[in-house]
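*Asks:* Here the sequence shown is numbered in my numbering, starting from 247 and rising by one per residue.
Glycine included, each C-beta is placed from N, C-alpha and C at the ideal position.
Computed from a prediction, not measured in an experiment: that's the story for all the values here.
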Amino acid sequence: MRALVFIPMFLGAVGIFAYNAVQLIRFLRMARPEPRWDRLGARLRQTLLVAFAQQRLLRELPAGLIHAAIFWGFLILLSAAVEAVLEGFHPRWSLSFLGPLYSLSTILVDLFCLFVVIAVLAAAWRRYVQRVPRLQGPPAELRDAALILGLILVIVIALLLQNSTRIALGQDHAWAVRPVAALLSVIYAPEAPLTRVLFEIGWWLHIGCILIFLNYLPFSKHLHVLTSVPNVFFSRPEPVNALAPIDFTREDLEQFGATDVEHLSWKSILDSYSCTHCGRCTSVCPANQTGKVLDPRAIIVAVRQRAFDRFPILLKQRAGKPLSAEEQAILERRFVGDYIPAEALWQCTTCGACMQECPVMIEHVPVIVELRRGLVMMEANFPTELQPAYGNLETNSTPWAFSAADRAAWAEGLGVLTLAQDAQEYDVLFWAGCAGSYDQRAQRVARAIVQLLQHAGVRVRILGNEEHCTGDPARRTGNEYLADQLMRANVETLNRYGVRTIVTMCPHCYNTLKNEYPAMGGHYTVYHHTQYLRHLIAEGRLSLPEQTEPLLQSVVYHDSCYLGRYNGEYDAPRELLRELPVLELHEPARARDRGFCCGAGGGRMFMEERVGKPVNRERTEELLRTGATTIALNCPFCMTMLTDGVKAAGKADEVQLYDIAELLLQQLSPAPLHANRNADA
247 MRALVFIPMF LGAVGIFAYN AVQLIRFLRM ARPEPRWDRL GARLRQTLLV AFAQQRLLRE
307 LPAGLIHAAI FWGFLILLSA AVEAVLEGFH PRWSLSFLGP LYSLSTILVD LFCLFVVIAV
367 LAAAWRRYVQ RVPRLQGPPA ELRDAALILG LILVIVIALL LQNSTRIALG QDHAWAVRPV
427 AALLSVIYAP EAPLTRVLFE IGWWLHIGCI LIFLNYLPFS KHLHVLTSVP NVFFSRPEPV
487 NALAPIDFTR EDLEQFGATD VEHLSWKSIL DSYSCTHCGR CTSVCPANQT GKVLDPRAII
547 VAVRQRAFDR FPILLKQRAG KPLSAEEQAI LERRFVGDYI PAEALWQCTT CGACMQECPV
607 MIEHVPVIVE LRRGLVMMEA NFPTELQPAY GNLETNSTPW AFSAADRAAW AEGLGVLTLA
667 QDAQEYDVLF WAGCAGSYDQ RAQRVARAIV QLLQHAGVRV RILGNEEHCT GDPARRTGNE
727 YLADQLMRAN VETLNRYGVR TIVTMCPHCY NTLKNEYPAM GGHYTVYHHT QYLRHLIAEG
787 RLSLPEQTEP LLQSVVYHDS CYLGRYNGEY DAPRELLREL PVLELHEPAR ARDRGFCCGA
847 GGGRMFMEER VGKPVNRERT EELLRTGATT IALNCPFCMT MLTDGVKAAG KADEVQLYDI
907 AELLLQQLSP APLHANRNAD A
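If you want it as structure tokens, here you go:
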């Protein structure tokens with residue numbers, strides 16, 4: 247009788263699930279193709295660490311342990327689910343033929359039933375009683391979470407009921423060892439009819455809730471139960487530090503960037519399936535945490551909602567079926583505007599904190615930049631503050647209104663030659679960047695770096711007025727056509743001179759030259775100046791004289807996003823600081839891969855903050871709370887933003903800001919440090 251009821255129910259549930267799964271795959275195929283099958287070894291290792299070992303979730307221990315218990319329990323309980331299906335076909339079918347392995351399986355299943363119950367109750371407590379802010383959301387989302395947690399709880403409790411009554415009835419399978427169920431079995435009378443009834447109730451509840459759970463997932467935010475592992479596999483094994491270029495030579499190219507979901511890559515759609523709604527991305531977003539509209543989680547959720555609204559209608563349209571007025575209205579809705587506020591896209595600093603914290607490796611920044619590209623190149627819709635920067639980049643190859651002829655003026659008196667003057671006898675090309683070339687404060691840093699290189703005997707060259715902006719500001723604000731022009735011009739110049747090694751002072755230039763220029767045919771060995779200076783010290787080519795008096799009393803170091811989070815370089819700057827006679831080296835509360843953005847990235851350097859608290863003030867206040875009297879930096883953008891932050895805090899006379907290169911040079915030069923006070927910036 248059980249089989250007569252179960253088999254049709256099981257086949258129907260599997261059939262419905264298969265249909266919905268095929269629909270989800272069809273939606274992925276409607277998005278832009280993108281190759282993601284390279285580096286299989288690295289992808290498998292990443293999947294083991296991030297998906298199965300829960301590496302990222304365990305960065306936040308209480309929540310990480312709760313989720314890990316549920317996730318590992320889910321994996322281990324799969325064997326119990328398989329056995330329940332087998333029993334549905336025949337009451338004596340089981341996995342006991344595995345022998346000792348079956349014993350190990352039943353022990354783990356039994357123990358993890360207990361762990362999962364505890365974890366589910368703890369998760370419910372955090373969400374509904376403790377009300378952790380990042381776990382809150384609209385009522386529908388909270389109800390969805392409650393339903394899923396409830397189903398999981400019923401599944402494991404029903405399994406314990408089924409196994410404990412099975413033991414009481416003396417009908418457990420051979421090799422089965424169930425310590426928790428065995429303890430519970432003593433409360434049942436073996437001969438009582440109720441024990442048999444409770445066994446059947448436990449079995450049907452267990453398998454029934456599993457089938458309900460399976461078919462609810464495609465419509466729930468918990469779809470990530472099925473998609474998170476493949477999503478981690480297809481995510482980039484390295485930090486997402488390079489944006490996909492657009493091939494402007496294609497004559498058939500009609501769409502630039504994304505104006506709707508089908509213009510995004512299939513991986514971005516898979517990301518939206520895999521979002522756990524945990525809010526970790528939002529909780530570290532500098533824009534969101536300073537009171538702005540941007541919510542990285544909401545953007546990914548909006549991608550999924552738009553895909554579920556739009557793709558079924560597009561499939562119907564492609565099949566030649568007529569559309570209703572309601573369906574036509576859905577198609578005509580604007581993705582940016584109706585689902586995502588345009589303002590949110592422009593508040594992103596592209597710091598990458600959201601991607602760093604995401605437990606399923608969702609790639610938020612590429613989606614935001616693709617949508618910016620659509621606004622800029624398809625609709626000419628972008629903040630008015632960017633217009634001068636775009637105009638200057640087009641005419642002068644710098645975002646500021648300075649002449650390209652003056653790009654090498656910062657190097658006067660240093661005796662450094664351009665490649666046009668001598669491209670034969672040199673070791674490195676120093677890339678000053680736009681800030682180092684034109685910003686007075688950054689010029690002092692550029693000069694300090696060159697002087698250190700010269701002191702170490704490094705033969706340095708610069709491009710002078712042949713150097714253009716690397717294209718980073720244009721690319722990350724969505725003006726990919728302008729970025730493409732700048733990047734190709736630089737690659738042509740660098741390749742013409744046969745450049746092999748580049749040292750940069752700006753992490754944004756460093757990231758672009760190192761990670762994005764190879765796609766343009768520019769293959770170079772690129773160093774940030776802190777990396778190269780550490781290299782020189784390690785080789786003994788740059789030796790710093792010992793001083794009995796401390797150079798500085800107390801220093802706090804600020805991690806720049808594009809050197810640290812984007813390129814994993816946290817140690818080189820700190821090792822250089824340890825070479826200096828400093829009494830105290832401080833770390834802010836948010837440091838290294840948890841560092842907080844200065845607010846300048848993603849083109850924000852050229853836009854005003856009109857909503858909420860300025861990001862640079864938030865970061866400056868955190869640095870000042872360490873009590874340090876000096877802030878050490880490695881980025882000209884950070885220098886500008888944090889200098890403004892120190893002034894806004896009224897600490898300009900008490901706290902100084904220096905690039906690490908300036909501090910190293912002080913060891914070699916008698917010039918007092920107060921000559922570089924931030925008041926001069």
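Please state whether the Cβ-Cβ distance between methionine 607 and valine 478 is less than 8 Å.
*Replies:* Translated into positions along the sequence shown, residue 607 becomes position 361. Translated into positions along the sequence shown, residue 478 becomes position 232. In contact: methionine 607 and valine 478 (Cβ atoms closer than 8 Å).
*Asks:* Given serine 520, which residues of its chain have a CB within under 7 Å of its CB, disregarding the five upstream and five downstream residues?
*Replies:* Here residue 520 refers to the residue found at position 274 when the sequence shown is read from its first residue. His470, Thr473, Ser474, Asn477, Val606, Ile608.
*Asks:* Can we count aspartate 673 as close to the ligand ADP, meaning its CB is less than 7 Å from some heavy atom?
*Replies:* Judged by which ligands are present, the structure shown has none, so any question about the ligand ADP falls away.
*Asks:* Look up arginine 272 in the DSSP assignment and say whether it is helix, strand or coil.
*Replies:* For this step, residue 272 is matched to residue 26 along the sequence shown. Helix at arginine 272.
*Asks:* Does alanine 657 pass the burial test, meaning 16 or more other C-beta atoms within 10 Å, or should it be called exposed?
*Replies:* Working through the sequence shown from its first residue, we reach residue 657 at position 411. Alanine 657 is buried by the Cβ-count criterion.
*Asks:* Between the C-alpha atoms of isoleucine 515 and serine 466, what's the straight-line distance to the nearest angstrom?
*Replies:* As a first step, residue 515 is located in the sequence shown; it is residue number 269 there, counting from the start. As a first step, residue 466 is located in the sequence shown; it is residue number 220 there, counting from the start. Each residue's alpha carbon lies about 15 Å from the other.
*Asks:* Flag this pair as yes or no: are the beta carbons of leucine 698 and alanine 907 separated by less than 8 Å?
*Replies:* What you label residue 698 is simply residue 452 of the sequence shown in a count that begins at 1. What you label residue 907 is simply residue 661 of the sequence shown in a count that begins at 1. It is a contact, given that the beta carbons lie within the stated cut-off.
*Asks:* Is arginine 289 helix, strand or coil by DSSP?
*Replies:* Position 43 of the sequence shown holds residue 289. Arginine 289 falls in the helix class under three-state DSSP.
*Asks:* Whose C-alpha, out of Gly786, Val443, Gly319, Arg579, is nearest the C-alpha of valine 704?
*Replies:* Here residue 704 refers to the residue found at position 458 when the sequence shown is read from its first residue. Among Gly786, Val443, Gly319, Arg579, the Cα nearest to that of valine 704 is on Gly786.
*Asks:* Helix, strand or coil: which one does DSSP assign to aspartate 905?
*Replies:* Here the question's residue 905 lines up with position 659 in the sequence shown. Three-state result, aspartate 905: strand.
*Asks:* Which residue spans inside the region 517-561 form an unbroken alpha helix (DSSP H) run of at least 4?
*Replies:* 526-530, all fully within the region 517-561.
*Asks:* Does the structure place the region 329-336 close enough to the region 379-387 that three or more beta carbon pairs sit under 8 Å?
*Replies:* The region 379-387 vs the region 329-336: no contact.
*Asks:* For leucine 460, which beta-bridge partners are listed by DSSP?
*Replies:* Residue 460 sits at position 214 when you count from the first residue of the sequence shown. The partner list for leucine 460 (beta bridge, DSSP) is empty, contrary to what the question assumes.
*Asks:* Do you know how far the Cα of phenylalanine 494 is from the Cα of histidine 774?
*Replies:* On the sequence shown, residue 774 is found 528 positions in, with the first residue counted as 1. On the sequence shown, residue 494 is found 248 positions in, with the first residue counted as 1. Between histidine 774 and phenylalanine 494, the C-alpha separation is close to 30 Å.
*Asks:* Do you know how far the Cα of proline 860 is from the Cα of cysteine 597?
*Replies:* Within the sequence shown, residue 597 is the residue found at index 351, counting from 1. Within the sequence shown, residue 860 is the residue found at index 614, counting from 1. So the two alpha carbons sit approximately 15 Å from each other.
*Asks:* Would you mind stating whether alanine 299 and isoleucine 453 have Cβ atoms separated by less than 8 Å?
*Replies:* The count along the sequence shown starts at 1 and reaches residue 299 at position 53. The count along the sequence shown starts at 1 and reaches residue 453 at position 207. The answer is no: Cβ separation not under 8 Å.
*Asks:* What is the rounded straight-line gap between the Cα of alanine 927 and the Cα of alanine 874?
*Replies:* Residue numbering aside, residue 927 sits at position 681 when the sequence shown is read from its first letter. Residue numbering aside, residue 874 sits at position 628 when the sequence shown is read from its first letter. Only weak support exists for where alanine 927 lies, its pLDDT of 35 falling under 50; the value from the coordinates is given anyway. One C-alpha to the other measures close to 20 Å.
*Asks:* For lysine 893 and phenylalanine 883, I'd like the C-alpha separation in whole angstroms.
*Replies:* Here residue 893 refers to the residue found at position 647 of the sequence shown. Here residue 883 refers to the residue found at position 637 of the sequence shown. Distance between the alpha carbons of lysine 893 and phenylalanine 883 is about 16 Å.
*Asks:* When we look at the beta-carbon of lysine 567 and count the other beta-carbons within 10 Å, is it buried (16 or more) or exposed?
*Replies:* The residue given as residue 567 occupies position 321 in the sequence shown. Exposed, since its Cβ has fewer than 16 Cβ neighbours within 10 Å.
*Asks:* Under the three-state reduction of DSSP, which class applies to tryptophan 421: helix, strand or coil?
*Replies:* Here the question's residue 421 lines up with position 175 in the sequence shown. The answer is coil: DSSP assigns tryptophan 421 none of H, G, I, E or B.
*Asks:* Taking the alpha helix (DSSP H) that glutamate 821 belongs to, which residues open and close that run?
*Replies:* Taking the sequence shown and counting its residues from 1, the one referred to as residue 821 is at position 575. Segment 817-824, the alpha helix (DSSP H) holding glutamate 821.
*Asks:* In chain order, what are the residue ranges of uninterrupted alpha helix (DSSP H) at least 4 long that sit wholly in the region 838-916?
*Replies:* Whole alpha helix (DSSP H) segments, 4+ residues: 861-870, 882-894, 906-914.
*Asks:* How would you write the range of the beta strand (DSSP E) that leucine 779 sits in, first residue to last?
*Replies:* To locate residue 779, count along the sequence shown from 1; it is residue 533. Not the beta strand (DSSP E): leucine 779 falls in the alpha helix (DSSP H), residues 775-784.
*Asks:* Count the other C-beta atoms from every protein chain shown that fall within 10 angstroms of the C-beta of glutamine 941, then say buried if there are 16 or more, exposed otherwise.
*Replies:* Lying before the first or after the last residue shown, residue 941 is absent from the chain, which here runs from 247 to 927.
*Asks:* What residue does the alpha helix (DSSP H) around arginine 389 start on, and which one ends it?
*Replies:* The sequence position of residue 389 within the sequence shown is 143, counting from 1. Its alpha helix (DSSP H) spans residues 385-414.
*Asks:* May I have the straight-line CA-CA distance separating arginine 923 from glutamine 902, to the nearest angstrom?
*Replies:* As a working note, residue 923 is residue 677 in the sequence shown. As a working note, residue 902 is residue 656 in the sequence shown. Because the pLDDT at arginine 923 is just 43, under 50, the model does not fix this residue reliably, and the value given afterwards should be weighed accordingly. Taking the straight line joining both Cα atoms gives about 6 Å.
*Asks:* Going by DSSP in three states, alanine 925 sits in which element: helix, strand or coil?
*Replies:* Along the sequence shown, read from residue 1 onward, the residue named residue 925 stands at position 679. For alanine 925, the pLDDT reaches just 38, beneath the cut-off of 50, and the residue's location in the model is therefore unreliable, although a value from the coordinates is still provided. It is helical.
*Asks:* What residue from Cys600, Val615, Glu713 has the CA that sits closest to aspartate 652's CA?
*Replies:* The count along the sequence shown starts at 1 and reaches residue 652 at position 406. Considering only alpha carbons, the answer is Glu713.
*Asks:* Is it buried or exposed for aspartate 517, if we count other Cβ within 10 angstroms and need 16 for buried?
*Replies:* Taking the sequence shown and counting its residues from 1, the one referred to as residue 517 is at position 271. Aspartate 517 should be labelled buried.
*Asks:* CB isoleucine 447 to CB isoleucine 401, shorter than 8 Å?
*Replies:* As a working note, residue 447 is residue 201 in the sequence shown. As a working note, residue 401 is residue 155 in the sequence shown. No; because the gap between Cβ atoms is not below 8 Å, this pair is not in contact.
*Asks:* Hey, how far is the Cα of alanine 435 from the Cα of alanine 414?
*Replies:* Here residue 435 refers to the residue found at position 189 when the sequence shown is read from its first residue. Here residue 414 refers to the residue found at position 168 when the sequence shown is read from its first residue. If you take the alpha carbons of alanine 435 and alanine 414, they lie about 7 Å apart.
*Asks:* First and last residue of the beta strand (DSSP E) that includes histidine 832?
*Replies:* Walking along the sequence shown from the start, residue 832 turns up at place 586. Note, histidine 832: beta strand (DSSP E), 828-832.
*Asks:* Judging by CA-CA distance, which residue of Val260, Leu665, Met601 is the nearest neighbour of isoleucine 458?
*Replies:* Here residue 458 corresponds to residue number 212 of the sequence shown, with the count starting at 1. Measuring from the Cα of isoleucine 458, the nearest candidate turns out to be Val260.
*Asks:* Do the region 341-351 and the region 301-311 touch if we need at least three Cβ pairs shorter than 8 Å?
*Replies:* No, the region 341-351 does not touch the region 301-311.
*Asks:* Could you tell me the alpha carbon to alpha carbon distance between glutamate 573 and arginine 580, rounded to whole angstroms?
*Replies:* The residue given as residue 573 occupies position 327 in the sequence shown. The residue given as residue 580 occupies position 334 in the sequence shown. The straight-line gap from Cα to Cα measures roughly 14 Å.
*Asks:* What residues in its chain sit with their C-beta under 8 Å from that of leucine 888, if we drop five residues either side in the sequence?
*Replies:* For the purposes of this step, residue 888 is taken as residue 642 along the sequence shown, with counting starting at 1. Closer than 8 Å at Cβ, skipping near neighbours: His804, Cys844, Asn862, Arg865, Thr866, Leu869, Ile877, Leu879, Leu903.
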